[in-house]
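Numbering (my numbering), first residue to last: 46 to 416. Notes to accompany the following structure.
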């Protein structure tokens, strides 16, 4: 039996969505180069590898529903260095952004390796300045530092609810949503208080009847959402992760923002919110007032959790349930940076996080005599 080949680089980036591509761009800007496929043993100084679990470019955008058009998508920031090509507002965001991300990778020569599923990240030894071992579906990698940009799309959150297993209709998460047309003739319950929930209520209510449920009364923002408001919202989320608490979504801080389409949905009653039902029954739900509501579909627009399970061997989570952070750097493990996490989960935040992570890693490697 031959010994396992371990591919090595100074930096491994996990994930090639907006945050991962931003990190790769800034690594190139600082003079790092992609490690070759034969990068076994000690690498030359200044190398990186980007591993992505997807079959092609686009990150989570590859999986968004086709009806989410560039005209209605919630703010997409340019990737650093290369602006977006001209946008057709009627094009599906999934096709446009997959094409944009793919062109970006090609033009910069980022050499993304895919599909590669990262299974675990662990320390190679007890040396706090030592290397990290990355086990993947394509063998093992070794890095001095790791930028984790795995996002949330692969971890949809499904609440546990009384009677859920008894429901005879269809239950799906927004991650599984394709089109409102498949619900024609059925009453659809939408659960959740975020942007996806209200956007899909608008869409589905045009073809069939709907009822909206949330745990808390939604907060609608009447004032304009300007740069200062965005800065303040991100700062609140940053403070949570600095304290080691699980991050909240930015929309939970900013509130929901009215658009002409959502005002039209409200006018036809699609955004009349109800308090959460008390139980799910075979043919519907038991309302908070004790009445019964028949339904054929329950759509859970209940958000996502950060995909960080592969980092479990590093024991990064603290007693508060989250990971204490200093910017993008894990407070207890300076070799690891999280981008697209917490305050950097927006596209603008992801770009900034990629730059910050690379700057921090540059400082870390410089202390080790690596430039």
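Beta carbons: idealized from backbone N, C-alpha and C, even for Gly.
For the set 108, 411, 412, 400, the Cα lying nearest the Cα of residue 58 is the one of 400. A direct Cα-Cα distance of roughly 10 Å separates residue 107 from residue 198. When rounded, the separation of the alpha-carbon atoms in residue 347 and residue 258 is 11 Å. The criterion of a C-beta distance shorter than 7 Å is satisfied by residue 229 and residue 253. Under DSSP, no beta-bridge partner is assigned to residue 169. Take residue 413, set aside five residues on each side of it, and the residues of its chain with a beta-carbon closer than 8 Å to its own are 174, 189, in chain order. Secondary-structure assignment with DSSP links residue 158 through a beta bridge to 96. Considering only 207, 302, 186, 92, the residue with the shortest C-alpha distance to residue 164 is 186. The DSSP-derived three-state label of residue 385 is coil. For residue 371, the number of other beta carbons within 10 angstroms of its own is below 16, and it is reported as exposed. For residue 326, the uninterrupted beta strand (DSSP E) run begins and ends at 324–326, by DSSP. Taken atom to atom, the span from the alpha-carbon of residue 349 to that of residue 180 is near 24 Å. With fewer than 16 other Cβ atoms inside 10 Å of its own Cβ, residue 151 counts as exposed.
For residue 135, no alpha helix (DSSP H) encloses it, and the DSSP letter there is neither H nor E. When secondary structure is reduced to three states using DSSP, residue 338 falls in the strand class.
The Cβ atoms of residue 216 and residue 343 lie closer than 7 Å to each other.
A residue is called buried when at least 16 other Cβ atoms come within 10 angstroms of its Cβ; residue 210 does not meet this threshold and is exposed. Look at the beta carbons and you see the segment 63–78 touching the segment 403–411: at least three pairs across the two are nearer than 8 Å. In the DSSP assignment, residue 65 falls within the alpha helix (DSSP H) that extends over 63–74. Under DSSP, residue 371 forms a beta bridge with 374. Non-local C-beta neighbours of residue 225 in its own chain, meaning closer than 6 Å and more than five positions away in sequence, comprise 248, 249, 252, ordered along the chain. Under the 10 Å beta carbon count, residue 53 is surrounded by 16 or more other beta carbons and is classified as buried. DSSP places residue 316 outside both helix and strand once states are collapsed to three, so it counts as coil.
The Cβ atoms of residue 182 and residue 358 do not sit closer than 7 Å to each other. Judged by DSSP secondary structure, residue 53 falls within the beta strand (DSSP E) whose first and last residues are 51–59.
In this model, residue 395 and residue 337 are separated by some 44 Å (Cα to Cα). Around the C-beta of residue 118, 16 or more other C-beta atoms lie within 10 Å, and the residue is accordingly described as buried.
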